[in-house]
Amino acid sequence: MVRSGLQQDVINMYRRGVKLAFSRPPESRSAFLLHLRYNFHHPPLKSRDYTAIEHQLRKMDRTLEMLETGSVQRLHVTPAMQEWWEAEVRRSRLPRGPTTSARSTTPGSPTSGSATSRGDSHRDTQQWGGTLPGHGGT
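Shown next as structure tokens:
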């Protein structure tokens with residue numbers, strides 16, 4: 001997959017943060033990873049908002065430079081970060097809908113492979129005044 005330069009910068013910055021987190025003691029590693037994840041998701045940015053993405057990259061670069069110094073051993077995790085992470089974990093564990101093996105195969109059901117109605121039939125009757133052209137009024 002071909003990525004833009006900005007996408008590659010974001011990926012490299014995240015990798016740099018993960019390497020930094022794993023260079024820390026195991027008891028503080030989770031706080032570093034949570035801080036990294038949270039700051040990559042907040043504030044939520046649109047993929048076309050290049051200036052905001054570049055600003056966040058510069059901000060994260062300064063943060064990682066500060067955290068890369070050997071004097072930083074622990075990181076404070078705010079309650080907002082904790083709540084966000086718990087919500088992300090809950091959201092990831094929700095069922096995502098029926099799988100192919102769980103689909104119903106009873107005749108006439110929408111998943112039996114036959115053509116299904118999308119609910120536009122009402123729109124067609126309004127468009128043609130209740131009769132379809134060229135079908136003898138049926």
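Numbering (full-length UniProt numbering), first residue to last: 1 to 138.
Beta carbons are placed, not taken as given, at the ideal position from N, Cα and C, and that holds for glycine.
Judged by pairs of C-beta atoms under 8 Å, the region 70-79 does not touch the region 53-62, as fewer than three such pairs exist. The region 34-53 makes contact with the region 11-22, as at least three CB pairs between them are under 8 Å. Burial check for residue 70: the Cβ neighbour count within 10 Å stays below 16, so the residue is exposed.
A distance below 9 Å separates the beta carbons of residue 10 and residue 40.
Annotation: the continuous alpha helix (DSSP H) that includes residue 9 extends over 5-22. Here DSSP, grouped into helix, strand and coil, assigns residue 73 to coil. Judged by DSSP in its simplified three-state form, residue 42 adopts coil rather than helix or strand. Secondary structure note for residue 89: its alpha helix (DSSP H) is the uninterrupted segment 79-93. In the displayed model, residue 47 falls within coil according to three-state DSSP, outside both helix and strand. In this structure, DSSP gives residue 1 a state outside helix and strand, which the three-state scheme calls coil.
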